[in-house]
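Residue numbers (the numbering used here): 4 to 222. Structure first, then comments.
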Ligand code: G3P
């Protein structure tokens, strides 16, 4: 299972990369705005900075909602670095743009996916990744993980290559459940990745090992 970090914060991206388990980064316009990044030149520079830190794919989202605008933006983003994946919203024009990019060999991430039908369309259009937002479905009392199960079943039925990128992951249990279901990728905050480290018995066990070593050395 690939681990992507869902942030535009360079310090957090560096920390995840330093841990040695990072496979990529996803961003969105809200995450860029949260870091105070605005204006085309600054946004482009920020994507370049992210690409310098990580080894894997970096999703960069288009702002346009019409086919021509998405194509223009996406081609410019894709030219920045081989790591760039053009993130396209699941709307009619977006499906057309994903098909276009897939025929041109440009990687895509179909975002804002909330149903299995949307995921099926994304796969048929040739998306590299599909991003079902599990946390936001949970927020409205709908089964986010159940959607991942449905998409896994459908993609396996037909052998679609599109990778299921579980997005809007909020905590470590989401990560574990996605791994059990067989999501190809998860993207979440650094806190959710680091929470996988935690177990009280690990801390207690280490404390005892170190205390025993110290006592034995003192004898
Ligand atoms: O980047 C897309 C998705 O992961 C957003 O997550 O937490 O804003 O619902 P969230």
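C-beta atoms are modelled at their ideal positions from N, C-alpha and C, and glycine is treated no differently.
DSSP state of residue i, grouped into three classes?
| i | result |
| --- | --- |
| residue 162 | coil |
| residue 70 | helix |
| residue 84 | coil |
| residue 98 | helix |
| residue 208 | helix |
| residue 153 | helix |
| residue 146 | coil |
| residue 217 | helix |
| residue 199 | coil |
| residue 90 | strand |
Taking residue i as the reference, which of the options has the closest Cα?
| i | options | result |
| --- | --- | --- |
| residue 176 | 147, 90, 221 and 108 | 147 |
| residue 151 | 134, 162, 191 and 81 | 134 |
| residue 62 | 190, 23, 96 and 172 | 190 |
| residue 159 | 42, 187 and 116 | 187 |
| residue 107 | 215, 130 and 117 | 130 |
| residue 8 | 178, 211, 116 and 65 | 178 |
Within the continuous alpha helix (DSSP H) that includes residue i, where are the two ends?
| i | result |
| --- | --- |
| residue 51 | 43 to 56 |
| residue 192 | Careful: residue 192 lies outside any alpha helix (DSSP H) and carries neither H nor E. |
| residue 18 | 13 to 22 |
| residue 122 | 119 to 128 |
| residue 177 | 175 to 184 |
| residue 37 | 32 to 37 |
Determine the extent of the beta strand (DSSP E) in which residue i is found, giving its start and end residues.
| i | result |
| --- | --- |
| residue 115 | 111 to 116 |
| residue 9 | 5 to 9 |
| residue 29 | 27 to 29 |
| residue 64 | 60 to 64 |
| residue 134 | 132 to 135 |
By a C-beta neighbour count over all protein chains shown, 10 Å radius and 16 as the cutoff for buried, is residue i buried or exposed?
| i | result |
| --- | --- |
| residue 112 | buried |
| residue 197 | exposed |
| residue 50 | buried |
| residue 194 | exposed |
| residue 75 | exposed |
| residue 55 | exposed |
| residue 71 | exposed |
| residue 211 | exposed |
| residue 171 | buried |
Within the present structure, is the beta-carbon of residue i separated from the nearest heavy atom of the ligand SAH by less than 6 Å?
| i | result |
| --- | --- |
| residue 29 | The ligand SAH is absent from the structure shown, which contains only the ligand G3P. |
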